[in-house]
Amino acid sequence: MRTTFRSDLLLPAEPGQRALARELYALAAAQPIISPHGHVDPGLLAEDRAFPDPARLLVVPDHYLTRMLLSQGVPPARLGVPTVDGSPVETDGRVIWRRFAAHWHLFRGTPSRLWLEQTLTDVFGVTTPLSPATADAVYDELAARLAEPEFRPRALFTRFGIEVLATTESPLDDLGRHAKLAADGWGGPGGRVVTTFRPDDVVDMEFDNWSANVDRLAEVSGEDTGTYAGYLAALRRRRAAFIAAGATSSDHGHPTARTLDLDPAQAAALYDRGRRGRADAADAEAFRAHMLLEFARMSLDDGLVMQLHPGAVRNHNRRLYARHGRDVGGDVPQATEYVHGLAPLLDAHGNDPRLTVVLYTLDEDTFTRELAPLAGGYAALHLGAPWWFLDSPEVLRRFREAVTETAGFYNTAGFVDDTRAFCSIPVRHDVARRVDAGFLARLVAEHRLPEDEAAETIVDLAYRLPRQVFKFTGGHS
Amino acid sequence: MRTTFRSDLLLPAEPGQRALARELYALAAAQPIISPHGHVDPGLLAEDRAFPDPARLLVVPDHYLTRMLLSQGVPPARLGVPTVDGSPVETDGRVIWRRFAAHWHLFRGTPSRLWLEQTLTDVFGVTTPLSPATADAVYDELAARLAEPEFRPRALFTRFGIEVLATTESPLDDLGRHAKLAADGWGGPGGRVVTTFRPDDVVDMEFDNWSANVDRLAEVSGEDTGTYAGYLAALRRRRAAFIAAGATSSDHGHPTARTLDLDPAQAAALYDRGRRGRADAADAEAFRAHMLLEFARMSLDDGLVMQLHPGAVRNHNRRLYARHGRDVGGDVPQATEYVHGLAPLLDAHGNDPRLTVVLYTLDEDTFTRELAPLAGGYAALHLGAPWWFLDSPEVLRRFREAVTETAGFYNTAGFVDDTRAFCSIPVRHDVARRVDAGFLARLVAEHRLPEDEAAETIVDLAYRLPRQVFKFTGGHS
Amino acid sequence: MRTTFRSDLLLPAEPGQRALARELYALAAAQPIISPHGHVDPGLLAEDRAFPDPARLLVVPDHYLTRMLLSQGVPPARLGVPTVDGSPVETDGRVIWRRFAAHWHLFRGTPSRLWLEQTLTDVFGVTTPLSPATADAVYDELAARLAEPEFRPRALFTRFGIEVLATTESPLDDLGRHAKLAADGWGGPGGRVVTTFRPDDVVDMEFDNWSANVDRLAEVSGEDTGTYAGYLAALRRRRAAFIAAGATSSDHGHPTARTLDLDPAQAAALYDRGRRGRADAADAEAFRAHMLLEFARMSLDDGLVMQLHPGAVRNHNRRLYARHGRDVGGDVPQATEYVHGLAPLLDAHGNDPRLTVVLYTLDEDTFTRELAPLAGGYAALHLGAPWWFLDSPEVLRRFREAVTETAGFYNTAGFVDDTRAFCSIPVRHDVARRVDAGFLARLVAEHRLPEDEAAETIVDLAYRLPRQVFKFTGGHS
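Chains as they are written, first to last, in the working numbering: chain A, 18 to 494; chain B, 18 to 494; chain C, 18 to 494.
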């Protein structure tokens, strides 16, 4: 899908660079979208029903939006965010939308504003600019579009030019939605919609109900998780099932980047302590760290790419968590150490080109000091795109400015949208492509790279690199 | 006061953005100055006497200037900085000025240079460029101006277009200077000159003479500080007196951003240990951390905005401290942690929109990783302007580039000059307005924000936001 | 040597700033090269033999190149990097060159690409652009040049316009190569090629064979290193020998910036523990930290400038180290703390203008928070140029943007190439001069600095400052 509105959006203002950037951007914009990591509900595409009302589609589930209003004193319940205890929240979509529009100025200068504006214009063809005064008009236009069949998920998927989309599931998921997608010719290995193996809820002893989750893991896998060996076997089984559902990668969301290579007896003792409910915070950290070594070894066997997302303090806003649960915008980043933390993993497997580890960060201070030197010095490492709070035009630019000189372009993994918001996928990729075009245009304008090589590079960044790093070997290229 | 010299100072060089920036800057430049935090001596405005000679006005008390010369081997005594033991220092203003001018090249590229140049031209109408060769001529021109009545503090205050200026006093201050200002129609609640409650010298057990200060607090407040409860009562009394003198905020300068919510018995035990001279460094840190919770609770009662200035290693240059005392340029920043440090305060009151906490930093590495996510996720938090070493064009720009995408503009608090140098107030605000104009111009040039919204935003940043965040409800708007 | 190719390389793209930058750059480009710190083999210039084949000259010893290929799965042995155990590696220069050229795209956007391209064109006059297709042609052109007498080291040294080049030797080095240079009129005090005193291998107890090295130090110095006092005497003797060979500085590569001022008995006890093989990691760290105080005291006696290079985790890639040894690209930076670490040194001697300490970093997060405030507040401190992973156009620019506002230009020490690659010296200095020209051009374009002062400043940065800070008092200026 080509962007039709504000065609110079985010391109450098200086006319010479803008002209170069336009040409480079056009090459990127013509590429299919590879979305190797995100949190879209696979049921959306499996069922292919019409989206709900505009507020439930675009506001209620978008924690970028609800947290900004929270920061100005508007409680999430007034925007319809469901409560843990079922206590009432606003349910009128139009009221939610108006309330949101009344605070639209808060988003000036934020990516949320760009994403939503471009989604309105490019996805839904709504050209009325959003404002408190136009809230109802925009709502009505959107609601009308959502009722049309060409705005159902599969139709949009095709229109968006998505070649492959990876969702993210727990090992406890029965993968039924992916089975439906496969049955419809949309899923399975090499398919358009695939899954990702995300085992945090059965690995992190500090996760709500970890031990009960491990019990369920036994049921889902048919392996006895009463022992550490059985637990590993269960994880291996689920990985095989995920691979059969098209997964090419696993994903690991840990508070830190610590890794640890325990001997099996030590690991088993830790596991047993956790299962008996006697693990403390240090045990939980050690177990998470050790399991990254186990997963690396499994990856060497089964070929899954490992994604590591460290550095989030989950549920930092405790009242928000108590009232609304996880994943509603209450997390905050913390300083993250990679050089010593990753050493055990890198000592064991860092020079093995058969392993692919994609490292993300919420701490941009590590770009030049840690991430670029590590990715530029170990065969197994690639750098993932700036993530979450860092998925923004300014940071995407700083990422290239910071990591390229030491890691080059080819130790990065291409853009990853990491989003729950299906309709925002094209604009998120579009923003990254525009920023990369601007960065490459500057290299050309400063005589640091010939234009033909810049042209090759931007296509690599937009399409070839994510396809190769994340092992999507199907598709049309 | 409009700037008449170098009208494109600090605006982006690219002509398209410069044209946009000029228009935006003009809107900001027309706004009154809100100076919600600084260290101007209120006696200056209470007494309204002529300023001393140029060196004593502009060089001797400006630790930005004296520390730069110190860094090149010129001892502060040679620039007239008073000594703790009264040992002799240079006293001839002209000699000090010549010595300073001889090192003027050291300030190339620094904000000190911009501030002083603009002060000379815009405040004093001295257009001879400063250099070693022109030192005497500039000195004479300045000295002549300082003798004229229109260069007295109150006349300048009016010419500067200051709507409100907050000074900073200890609870031990008798507020007599502010009483004089109120009597003259310049001070008191809603007045032009107000105070700020800064209790470090009675809160920080590591402050010189803390326990003696607490004894004096009893005298000033009429409360018995022999007990912790009495100590809290004394602080509350002084806050009431400060509010009566126009204060709308408190200010807290701590080495770290740690907060702690002790139960009253624990807090009292710590207090008693300190009063008996038995507190160690950890006790002092815990007490400071806990007192921030106490002050937050007091703020919920009395409405004072809390300012938190963490991260300075005070008196790092020990010889300088031994020879010249505090506040002469011997402090250095240290890495500052906010995410875990502020958690106790945020758990208790972070979601309460009745509380306003303005967070400052000397550690720009926290902009995207900690400060923007926190301010963008808690109702009570606002981000203060880059402070001290960070109050400079490059960092003001990086601040906007780093925090806006996550916290927006409206979780920031507007510019704060934090200066002791009364005559530099207009240029400091002017620099911030120019940098904001340049940043907004880039957003417009990159099609990220329509020009009319940028125009509204720059006025908000220059005037409306600081006025609202710091609760200045008087004035003419 | 003037650059003839891509004359606007790295200058700002905006035409107004580019025009200014060109003029400023021309002033810098006309200056001789001062290379106050690097790792060129002095034997190269002492013997003045023809260089080996292109691959052995430009690829095999350049760990920037070999580590990038390693990061993409090409083992260093396939590029001819020697092994510790003598196991075979690729020896055919042309094969190595082809293999390298096949991966040339990996270097897009890196300084290695700029350095190599400019070296090919400006040093060797090879204008065929390097690519997989042209690998043989470029190789042949290069090989032909290398056989010509004007491409011998001394001829190039003269053509490069190097005024002085400091190499780096261990106290265990007999300085024979420098004696040869002195005998030929190239070395000795005030000469064109001088040495630097780098004692890590006899100071760092964790260095391979530290104790045996200390035994050898006794032999080389004629002092008995059986006692701590004798050890210090031996170091003083070697410093005197180095000064006689032209050294003006020492250099210290430590994992951290920690300093410590032990009393002599404690230091002697630590030393003895190390010599008996009983020192642990904390002992080694304390001894390194303390020795920086000893070296500062020696510098106050003998005048050597102290260079401190902290923050490298040596041999992080353990397999690379096991296979190929030190200095082949296996190091990685770590977070580095200066404010508390340097306090003991600064408390003792930081305000003494007779001492010069040049601080380097691999952690750019310390630029504004720690390094600029320290260098801008202590007479003894200067900031070294961005080093190693940070020696790149983007970081050189960020360095100026980050440190200038607090430390000015005159607390920095000028560019330091720190390279083993003799032929890359001109381009490395050229890159820094271009970046400084661009930065100063922006200051001029934004009316922050008059053009005449920018012109004086760029010559100071390129020539006068390094000459003065590193005490090169000979030469033609």
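In this text, a Cβ means the ideal position worked out from N, Cα and C, and glycines have one as well. Note that this is a predicted model, so its numbers are computed, not measured.
- Query: Per DSSP, what kind of secondary structure is C:VAL444 in: helix, strand or coil?
  - Reply: On the third sequence, residue 444 of chain C is found 427 positions in, with the first residue counted as 1. DSSP places C:VAL444 in helix when its eight states are reduced to three.
- At a Cβ cut of 8 Å, what residues of the region 20-52 of chain B count as close to chain C, listed as they run along the chain? ARG23, ASP25, LEU26, LEU27, LEU28, PRO29, ALA30, GLU31 and PRO32
- Roughly how many angstroms separate the alpha carbons of A:PRO483 and C:PHE124, rounded to a whole number? As a first step, residue 483 of chain A is located in the first sequence; it is residue number 466 there, counting from the start. As a first step, residue 124 of chain C is located in the third sequence; it is residue number 107 there, counting from the start. Rounded to whole angstroms, A:PRO483 to C:PHE124 spans 19 Å at the Cα level.
- Taking C-alpha atoms, which residue in A:VAL476, A:VAL345, A:HIS326 and A:THR83 lies nearest to A:ARG335? Reading the first sequence from its first residue, position 318 is the one you call residue 335 of chain A. Closest by alpha carbon: A:VAL345.
- Message: Less than 8 Å between the C-beta atoms of C:THR423 and C:THR474, yes or no?
- Response: For the purposes of this step, residue 423 of chain C is identified with residue 406 of the third sequence, where counting begins at 1. For the purposes of this step, residue 474 of chain C is identified with residue 457 of the third sequence, where counting begins at 1. Cβ atoms of C:THR423 and C:THR474: not closer than 8 Å.
- Minimum C-alpha distance to B:VAL433 - residue among B:ILE113, B:ALA154, B:ALA261 and B:ILE51: Start at 1 with the first residue of the second sequence, and residue 433 of chain B comes out as number 416. Here the closest residue by C-alpha is B:ILE51.
- Note down, in chain order, every chain A residue with its Cβ under 9 Å from the Cβ of B:LEU372. For the purposes of this step, residue 372 of chain B is taken as the residue at position 355 of the second sequence. Those within 9 Å of B:LEU372 in chain A number zero; the least Cβ separation is about 11 Å.
- Message: Could you give the first and the last residue of the continuous beta strand (DSSP E) run that contains A:ALA183?
- Response: Position 166 of the first sequence, counted from the start, is the residue given in the question as residue 183 of chain A. Here the beta strand (DSSP E) through A:ALA183 covers 179-183.
- Item | Spatially closest choice to C:PRO59 from C:GLY367, C:THR184 and C:ASP469, by CA coordinates | To locate residue 59 of chain C, count along the third sequence from 1; it is residue 42. Nearest of C:GLY367, C:THR184 and C:ASP469 to C:PRO59, Cα basis: C:THR184.
- Which listed residue (C:GLU236, C:ARG171, C:TYR245 and C:ASP79) has its alpha carbon closest to that of C:PRO188: Indexing the third sequence from 1 puts residue 188 of chain C at position 171. Comparing Cα-Cα distances from C:PRO188 to each of C:GLU236, C:ARG171, C:TYR245 and C:ASP79, the minimum goes to C:GLU236.
- Task: Using a Cβ cut-off of 9 Å, pull out every chain B residue sitting near A:GLY358, in sequence order please.
- Result: What you label residue 358 of chain A is simply residue 341 of the first sequence in a count that begins at 1. Simply none; closest approach about 16 Å.
- Output, in chain order, the set of chain B residues within a Cβ distance shorter than 7 Å of C:ARG459. Start at 1 with the first residue of the third sequence, and residue 459 of chain C comes out as number 442. Those within 7 Å of C:ARG459 in chain B are ALA30.
- Whose C-beta lies closer than 6 Å to the C-beta of A:HIS80 among residues of the same chain, with five residues either side of it excluded? The residue you call residue 80 of chain A lines up with position 63 of the first sequence. Only VAL345 and GLY346 meet the Cβ criterion.
- Is any beta-carbon of chain C found at less than 8 Å from that of A:ALA479? The count along the first sequence starts at 1 and reaches residue 479 of chain A at position 462. Not closer than 8 Å to any Cβ of chain C, the Cβ of A:ALA479 fails to qualify, so no.
- Same chain, Cβ closer than 7 Å to C:ASP241, neighbours up to 5 away in sequence not counted: On the third sequence, position 224 is the one that residue 241 of chain C refers to. Excluding sequence neighbours, C:ASP241 sits near ALA235 and GLY247.
- Item | DSSP state of B:ILE475 mapped onto helix, strand, coil | Here residue 475 of chain B corresponds to residue number 458 of the second sequence, with the count starting at 1. If DSSP states are grouped into helix, strand and coil, B:ILE475 belongs with the helices.
- Message: Could you compute how far the alpha carbon of C:GLY294 sits from the alpha carbon of C:ASN226?
- Response: Along the third sequence, read from residue 1 onward, the residue named residue 294 of chain C stands at position 277. Along the third sequence, read from residue 1 onward, the residue named residue 226 of chain C stands at position 209. Cα to Cα, the separation comes out at about 11 Å.
- Item | Contact list for the region 77-106 of chain B against chain C, Cβ threshold 7 Å | ARG84, MET85, LEU87, SER88, GLN89 and GLY90
- Message: Give me the chain A residues within the contact set of C:PRO128, using Cβ-Cβ distance strictly less than 7 Å, ordered along the chain.
- Response: Residue mapping note: residue 128 of chain C aligns to position 111 of the third sequence, counting from 1. The contacting residues are GLU422.
- Query: If we count the other Cβ atoms within 10 Å of its Cβ and call it buried at 16 or more, is C:GLY243 buried or exposed?
  - Reply: By 1-based counting over the third sequence, the position of residue 243 of chain C is 226. When all chains shown are included, C:GLY243 counts as exposed.
- Query: Quick one: which chain C residues come within Cβ less than 8 Å of A:HIS464?
  - Reply: Here the question's residue 464 of chain A lines up with position 447 in the first sequence. Per Cβ cutoff of 8 Å: ARG23, ASP25, LEU26 and LEU27.
- Residues of chain C with a CB under 8 Å from the CB of B:PHE384: which are they? Translated into positions along the second sequence, residue 384 of chain B becomes position 367. Near B:PHE384 there are no residues of chain C at all, since even the closest Cβ is about 11 Å away, more than 8 Å.
- Item | According to DSSP, residues forming a beta bridge with A:PRO350 | Taking the first residue of the first sequence as 1, we reach residue 350 of chain A at position 333. Paired residues: A:ALA329.
- Task: Give the interface partners of A:GLY394 over in chain C, defined as CB-CB distance under 9 Å, in chain order.
- Result: Stepping through the first sequence from its first residue, residue 394 of chain A is reached at position 377. By Cβ distance, chain C contributes ARG84, MET85, LEU87, SER88, HIS333, ASN334, LEU337, GLY346, GLY347, ASP348 and VAL349.
- Quick one: grab the DSSP three-state call for B:VAL412. The residue you call residue 412 of chain B lines up with position 395 of the second sequence. In the structure shown, B:VAL412 sits in a helix (DSSP, three-state: H, G or I).
- Item | Delimiting residues of the beta strand (DSSP E) encompassing C:SER266 | To locate residue 266 of chain C, count along the third sequence from 1; it is residue 249. Note, C:SER266: beta strand (DSSP E), 266-271.
- Where the region 422-441 of chain A meets chain C: residues whose CB sits under 9 Å from a CB there: GLU422, THR423, ALA424, GLY425, PHE426, TYR427 and ASN428
- Query: C:THR429 bridges to which residues according to DSSP?
  - Reply: Walking along the third sequence from the start, residue 429 of chain C turns up at place 412. DSSP output for C:THR429 lists C:LEU400 as bridge partner(s).
- Euclidean distance between Cα positions of C:SER24 and C:GLU223: The count along the third sequence starts at 1 and reaches residue 24 of chain C at position 7. The count along the third sequence starts at 1 and reaches residue 223 of chain C at position 206. Looking at the two C-alpha atoms, the distance is approximately 47 Å.
- With DSSP as the reference, label B:GLU40 as helix, strand or coil. For the purposes of this step, residue 40 of chain B is taken as residue 23 along the second sequence, with counting starting at 1. Note: B:GLU40 maps to helix in three-state DSSP.
- Item | Rounded C-alpha distance that separates B:ALA389 from B:LEU400 | The count along the second sequence starts at 1 and reaches residue 389 of chain B at position 372. The count along the second sequence starts at 1 and reaches residue 400 of chain B at position 383. Answer to the nearest angstrom: the Cα atoms are 8 Å apart.
- Given a threshold of 16 other Cβ atoms within 10 Å of its Cβ, counted over all protein chains shown, does C:VAL444 qualify as buried or as exposed? Here the question's residue 444 of chain C lines up with position 427 in the third sequence. So C:VAL444 ends up on the buried side.
- Task: Compute the beta-carbon to beta-carbon distance between C:GLU463 and C:VAL412, rounded to the nearest angstrom, for a pair I have assumed lies under 8 Å.
- Result: The sequence position of residue 463 of chain C within the third sequence is 446, counting from 1. The sequence position of residue 412 of chain C within the third sequence is 395, counting from 1. That pair is no contact at about 21 Å.
- Of the listed residues C:ASP221, C:ALA199, C:VAL219 and C:ASP218, nearest to C:THR212 (C-alpha basis): Here residue 212 of chain C refers to the residue found at position 195 when the third sequence is read from its first residue. Closest by alpha carbon: C:ALA199.
- Query: For B:PHE124 and chain C, any beta-carbon pair shorter than 8 Å?
  - Reply: Position 107 of the second sequence, counted from the first residue, corresponds to residue 124 of chain B. Taking Cβ atoms only, chain C reaches closer than 8 Å to B:PHE124, which makes this a yes.
- Message: Residues of chain C with CB closer than 8 Å to the CB of B:LEU407, please, in chain order.
- Response: Taking the second sequence and counting its residues from 1, one reaches residue 407 of chain B at position 390. Per Cβ cutoff of 8 Å: THR385.
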